[in-house]
Amino acid sequence: MVIDSQLMSFFTAGSLIVIGIFAALFLDNLIKKIIGLAFLADGVNLFIITMGYKAGGIVYIFMPNMTISNFAQNASYPLPFALVLTSIVIGASTLAVMLGLVIVLNKRHGSLSASKILGDKGE
Amino acid sequence: MNELIAVMVILPIASALFLNFLHEKDRTIKILAIVTAFVLPVLALIAPFGTHYFGGYVPLAQNMTIGQDLPALITNTQLFQFHPGIVYIFNSAQQLLIFVLCLIAFLAIFTSLNETKRPSGVYAFLMFMGTASISAILLSDDIFNLFVFFEIAALAQVGIIVASGIKNNYETALKYTLLGNIAGPLLLLGIALLLGLTGNVNITDIIYSLKHGLVNPYSPAILMALGLITFGWMYASGLPPFHTIKSAVYSKALPHGAALLQAFSVFSMVAIGIILLRMFSYIPFTKTAIIGISLLAMVLGITMAIVQTDFKRMLGFLAVGELGYIGIGLGLGTAFGITAGLFQAVNEAIITAFLFIGFGTVLYKTRTADTRKLGGMMFVNPRLALLVLLAGFAMAGVPPLNAFQSKLMLIQASLQSGLPELGIIMILLSIVTFMTFMKAFYTIYMRPKPADLKILDNKIPRSTIISMVVFLIICVILGLFPQLATNSLQTLAAGLV
Amino acid sequence: MSFYDVIIKRIREIQEKAEEEEPVTNVTASAMLTAELTLIASLLIAVVMIRLIHPILMIIMIIVIFIIALMAMPIMPKLRQEQNDSFNNMIFYVIMALGIIIALFYWGNLNV
Numbered sequence: 009m010v011i012d013s014q015l016m017s018f019f020t021a022g023s024l025i026v027i028g029i030f031a032a033l034f035l036d037n038l039i040k041k042i043i044g045l046a047f048l049a050d051g052v053n054l055f056i057i058t059m060g061y062k063a064g065g066i067v068y069i070f071m072p073n074m075t076i077s078n079f080a081q082n083a084s085y086p087l088p089f090a091l092v093l094t095s096i097v098i099g100a101s102t103l104a105v106m107l108g109l110v111i112v113l114n115k116r117h118g119s120l121s122a123s124k125i126l127g128d129k130g131e
Numbered sequence: 350m351n352e353l354i355a356v357m358v359i360l361p362i363a364s365a366l367f368l369n370f371l372h373e374k375d376r377t378i379k380i381l382a383i384v385t386a387f388v389l390p391v392l393a394l395i396a397p398f399g400t401h402y403f404g405g406y407v408p409l410a411q412n413m414t415i416g417q418d419l420p421a422l423i424t425n426t427q428l429f430q431f432h433p434g435i436v437y438i439f440n441s442a443q444q445l446l447i448f449v450l451c452l453i454a455f456l457a458i459f460t461s462l463n464e465t466k467r468p469s470g471v472y473a474f475l476m477f478m479g480t481a482s483i484s485a486i487l488l489s490d491d492i493f494n495l496f497v498f499f500e501i502a503a504l505a506q507v508g509i510i511v512a513s514g515i516k517n518n519y520e521t522a523l524k525y526t527l528l529g530n531i532a533g534p535l536l537l538l539g540i541a542l543l544l545g546l547t548g549n550v551n552i553t554d555i556i557y558s559l560k561h562g563l564v565n566p567y568s569p570a571i572l573m574a575l576g577l578i579t580f581g582w583m584y585a586s587g588l589p590p591f592h593t594i595k596s597a598v599y600s601k602a603l604p605h606g607a608a609l610l611q612a613f614s615v616f617s618m619v620a621i622g623i624i625l626l627r628m629f630s631y632i633p634f635t636k637t638a639i640i641g642i643s644l645l646a647m648v649l650g651i652t653m654a655i656v657q658t659d660f661k662r663m664l665g666f667l668a669v670g671e672l673g674y675i676g677i678g679l680g681l682g683t684a685f686g687i688t689a690g691l692f693q694a695v696n697e698a699i700i701t702a703f704l705f706i707g708f709g710t711v712l713y714k715t716r717t718a719d720t721r722k723l724g725g726m727m728f729v730n731p732r733l734a735l736l737v738l739l740a741g742f743a744m745a746g747v748p749p750l751n752a753f754q755s756k757l758m759l760i761q762a763s764l765q766s767g768l769p770e771l772g773i774i775m776i777l778l779s780i781v782t783f784m785t786f787m788k789a790f791y792t793i794y795m796r797p798k799p800a801d802l803k804i805l806d807n808k809i810p811r812s813t814i815i816s817m818v819v820f821l822i823i824c825v826i827l828g829l830f831p832q833l834a835t836n837s838l839q840t841l842a843a844g845l846v
Numbered sequence: 169m170s171f172y173d174v175i176i177k178r179i180r181e182i183q184e185k186a187e188e189e190e191p192v193t194n195v196t197a198s199a200m201l202t203a204e205l206t207l208i209a210s211l212l213i214a215v216v217m218i219r220l221i222h223p224i225l226m227i228i229m230i231i232v233i234f235i236i237a238l239m240a241m242p243i244m245p246k247l248r249q250e251q252n253d254s255f256n257n258m259i260f261y262v263i264m265a266l267g268i269i270i271a272l273f274y275w276g277n278l279n280v
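Residue numbers (our numbering), protein chains in the order written: chain A, 9 to 131; chain B, 350 to 846; chain C, 169 to 280.
#1: Anyone know if the C-beta pair for Pro810 of chain B and Ile706 of chain B falls short of 8 Å?
#2: Run through DSSP, which three-state label would His605 of chain B get?
#3: Does the count of Cβ pairs from the segment 526-536 of chain B and the segment 498-516 of chain B closer than 8 Å reach three?
#4: List the endpoints of the continuous alpha helix (DSSP H) containing Tyr519 of chain B.
#5: Only counting runs of 4 or more residues, tell me where the alpha helix (DSSP H) segments fall wholly within the segment 558-589 of chain B, in order along the chain.
#6: Put Asn277 of chain C into one of helix, strand or coil per three-state DSSP.
#7: Residues in the segment 549-573 of chain B with C-beta within 7 Å of chain C's C-beta atoms, listed in sequence order?
#8: Are three or more beta carbon pairs between the segment 426-441 of chain B and the segment 468-475 of chain B nearer than 8 Å?
#9: Looking at C-alpha atoms only, which residue of C:Ile218, C:Met217 and C:Ile243 is the closest neighbour of Arg180 of chain C?
#10: Residues of chain F with CB under 7 Å from Ser123 of chain A, in chain order?
#11: At which residues does the beta strand (DSSP E) containing Gly399 of chain B begin and terminate?
#12: For Asp50 of chain A, count the other beta carbons within 10 Å of its own beta carbon; 16 or more makes it buried, fewer makes it exposed. Which is it?
#13: Chain B beta carbons: is any one of them nearer than 8 Å to that of Ile176 of chain C?
#14: How far does the beta strand (DSSP E) with Phe439 of chain B in it reach, from first residue to last?
#15: Pair every Cβ in the segment 709-719 of chain B with every Cβ in the segment 799-806 of chain B, then say whether three or more of these pairs are closer than 8 Å.
#16: Could you tell me which chain A residues have their CB closer than 7 Å to the CB of Ile263 of chain C, listed as they occur along the chain?
#17: Going by other Cβ atoms of all chains shown within 10 Å of its Cβ, with 16 needed for buried, is His401 of chain B buried or exposed?
#18: Which residues in the same chain have their Cβ closer than 7 Å to the Cβ of Ile447 of chain B, if we skip the five residues on either side of it in sequence?
#19: Strictly by DSSP, which residues pair up with Ala83 of chain A?
#20: By the criterion of Cβ-Cβ separation under 7 Å, what are the contact partners of Val232 of chain C in chain B?
#21: Does the CB of Ile269 of chain C have a neighbour CB from chain A at under 8 Å?
#22: Using 8 Å as the threshold, is the segment 36-52 of chain A in touch with the segment 81-100 of chain A, meaning 3 or more CB pairs across them?
#23: Kindly say whether Gly22 of chain A, judged by its beta-carbon, lies nearer than 8 Å to any beta-carbon of chain C.
#24: Counting only C-beta atoms, is Tyr172 of chain C closer than 8 Å to chain B at any point?
#25: Can you list, in chain order, the residues of its chain whose CB lies under 8 Å from that of Ala702 of chain B, leaving out five sequence neighbours each side?
#26: Against Lys41 of chain A, what residues of chain B qualify as contacts under a CB-to-CB distance less than 9 Å, listed in chain order?
#27: Taking the straight line between their C-alpha atoms, what separation do you get for Val92 of chain A and His222 of chain C?
#28: What is the DSSP secondary structure of Asp554 of chain B, reduced to helix, strand or coil?
#29: Using a Cβ-Cβ cut-off of 8 Å (strictly less than) and excluding sequence neighbours within five positions of Asp173 of chain C, which residues of its own chain qualify?
#30: Should Met217 of chain C be flagged as near chain B, meaning a C-beta pair shorter than 8 Å?
#31: Is there contact between the segment 649-657 of chain B and the segment 557-572 of chain B, where contact requires at least three CB pairs shorter than 8 Å?
#32: Quick one, which residues of the segment 67-86 of chain A are near chain B if we go by CB-CB under 9 Å, in chain order?
#33: Answer yes or no: does any C-beta atom of chain C fall closer than 8 Å to that of Lys636 of chain B?
#34: For Met16 of chain A, decide whether its Cβ has a neighbour in chain B, counting only Cβ atoms nearer than 8 Å.
#35: Evaluate Val781 of chain B with the Cβ neighbour count: other Cβ atoms within 10 Å of its Cβ, from every protein chain shown; 16 or more gives buried, anything less gives exposed.
#36: Just checking: is the beta-carbon of Ile423 of chain B within a distance shorter than 8 Å of some beta-carbon in chain A?
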């Protein structure tokens, strides 16, 4: 049986999203929560990349010896790749901000437990 | 001349980056920040209406030099019509909304530069960056571009909270970022589903695909995308269940920061709400959901506001509650209702900023926000107390101030749509809003001063008072001549029905 | 004992159970009472909108909600407790809301 690689990628993306939400919801350690959120973002990125896949497609670079119609029929879809690049950059910067905040809070409270640091004392 | 449309976003970003480099050069920062902040609302007024294609990538159908040699494979399909690049649309409604946003940004920056001991380039950077991203969200016709600026706005908001130095602000900032990192990727997932189905991220093209049967408009993936985008919308605007974190965010920012943050929420709510209506108004459940969420926001926001003892938190919850009025206007779905909702958004952004800066003077004089410890502020500065009282009247919808006009329009719109219950709830909650405000006003200003309350000897900066007077003047002008705002908003509203 | 006293007594009981340090002043109690009445009134008025689906369903819902509201009377102290600043609470409601929204949009529309 041949496994459809696109379908498997969608499945992986879905699992990453579910694992991410699970980690953010149930794990108490802030670093683990953040790793979960990174999983969530990566799952979505993988989902977008997978959508651009075209079975038997060619790279979307127009080479001199190609005809337009051949290129238009066979090239895979470039837009998702461009979007994912931006999305990864955004993900990295928010990840940095979250980790930075965790460093400050860890110094202040001496703990990484979400229920201790992010409890109801913020009022 | 359409380049001016892009300048509205590029100028604040450029000056933000530049201010960041000017760290510790106080005088230069002050002058540069005020000049740029002043140019922004002016720019919104003078920029011509139209469409800006980034990089000059117009649709192939309009670009005959490239368009004519293409094979029929492309020219016979909709690909020929679609927008290949990022598109910004600027019309009368966007002009009014961006003008009000930039005006609030100007007054907030103006106040902050004079209230803080030393002007900080980094703080000005955050404020400009937030303003730029919300302007971009209002202008953008590209849903992925909207997502990018949605994330930048979230980061700028986190920065404004962290910069405040109020107790426990880091905790609130981390909570807000963590929740944002659930809502952000899920919004992106919604956008990805739309991209996968229609092959497009341009909103006009997505609508074309949906309306002309290029994709099945009731396909499960579209419905899923609608749900996910609605979820992102709730995070950006602070509708329930995000109302607790959003009100905490306002209360952990400095008063001028909070004034700007609530304007960000109001305008991102309007921008994404308009996009939801543009794309999905053919699904009847969209409007029902918008009304349901808004009702929940109103009821939960205002009832939670009454029971607060911290006046900044109370204002935060009131700001969230008032968002519900905008949502109801949008959710009614009639041209009149949407105009009323947008007009309410303009008014609310102004009035809440007015209230935050007004109550901020109490914080400036006493360094406490706990209403149980405050009192007797009326005798410290009666004129300021009067200004704050007028702001409260404006929020409750007392004529001749502006929210009276928009709330009246909203109630009329709900009656016209055959939902008088919404009108009754809006009147009821307006009364309760007024009561909440009067409770805070009484405890802070009118009751005898508690013996242990220390009032600092620092003078309220003149810039704060000027900002409040400017807000009051706008409230009165829009209250007396509502057509100034509604005329600009009608075209957009009529296009959404 | 009047209705007002009953509500204040219930609020005190709940605050004692929650071990809140702040004293029950007149202002807190009347604020809580206003919030309570606003909440129930808006809920009942909002339920009237079910008439658009079916009038009889609306009458049944109003009666049911009225009875539930009377039995669970001081709702506001509990509701306030639920809407606190604890991150675990927030994220729980966020994920709940996500689930409800997706379910409503997905199944609410497929059957239209």
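The C-beta atom is built at its ideal place from N, Cα and C for all residues, glycine as well.
In brief:
#1: Not a contact, by the Cβ cut-off of 8 Å.
#2: Here DSSP, grouped into helix, strand and coil, assigns His605 of chain B to helix.
#3: Touching, yes, given that three or more Cβ pairs across the two stretches are closer than 8 Å.
#4: For Tyr519 of chain B, the uninterrupted alpha helix (DSSP H) run begins and ends at Asn518 to Thr547, by DSSP.
#5: Contiguous alpha helix (DSSP H) elements confined to the segment 558-589 of chain B occur at 569-586, taking only those with 4 or more residues.
#6: In the three-state scheme derived from DSSP, where H, G and I count as helix and E and B as strand, Asn277 of chain C is classed as helix.
#7: Along the segment 549-573 of chain B, going in chain order, the ones with a CB nearer than 7 Å to a CB of chain C are Tyr567, Pro569, Leu572 and Met573.
#8: Touching, no, given that fewer than three Cβ pairs across the two stretches are closer than 8 Å.
#9: Ranking C:Ile218, C:Met217 and C:Ile243 by CA distance to the CA of Arg180 of chain C puts C:Ile243 first.
#10: Looking at the structure shown, chain F is missing, and the protein chains on hand are A, B and C.
#11: Judged by DSSP secondary structure, Gly399 of chain B falls within the beta strand (DSSP E) whose first and last residues are Gly399 to Tyr402.
#12: Under this definition Asp50 of chain A is a buried residue.
#13: Taking 8 Å as the threshold, the shortest C-beta distance from Ile176 of chain C to chain B does not fall below it.
#14: For Phe439 of chain B, the uninterrupted beta strand (DSSP E) segment begins and ends at Val436 to Phe439.
#15: As far as the Cβ criterion goes, the segment 709-719 of chain B touches the segment 799-806 of chain B, which means the pair count is three or higher.
#16: Per Cβ cutoff of 7 Å: Ile29 and Leu33.
#17: Of the other Cβ atoms in all chains shown, 16 or more fall within 10 Å of the Cβ of His401 of chain B; this residue is therefore buried.
#18: Hits under 7 Å: Met357, Ala393, Ser484 and Leu487.
#19: Partner residues in the beta bridge of Ala83 of chain A, as assigned by DSSP, are A:Ile66.
#20: Neighbours of Val232 of chain C on chain B: none; closest Cβ ~18 Å, over 7 Å.
#21: By this cut-off, Ile269 of chain C is not an interface position.
#22: Output reads yes: the segment 81-100 of chain A touches the segment 36-52 of chain A.
#23: Chain C contact via Cβ: absent.
#24: Contact of Tyr172 of chain C with chain B is not assigned, every C-beta pair being separated by 8 Å or more.
#25: Here the set comprises Ile453, Leu456, Ala457, Ala608, Leu609, Gln611, Ala612 and Phe820.
#26: Leu527, listed in chain order.
#27: It is roughly 47 Å from the alpha-carbon of Val92 of chain A to the alpha-carbon of His222 of chain C.
#28: In the structure shown, Asp554 of chain B falls within a helical segment according to DSSP collapsed to helix, strand and coil.
#29: For Asp173 of chain C, where only same-chain residues beyond five positions count, there are no Cβ hits under 8 Å.
#30: So, interface residue.
#31: Segments in contact, no.
#32: Result list: Thr75, Ile76, Ser77, Ala80, Gln81 and Tyr85.
#33: Cβ-Cβ to chain C under 8 Å: no for Lys636 of chain B.
#34: Closer than 8 Å: no.
#35: Val781 of chain B is buried by the Cβ-count criterion.
#36: For Ile423 of chain B, the answer is yes, since a Cβ of chain A falls inside 8 Å of its Cβ.
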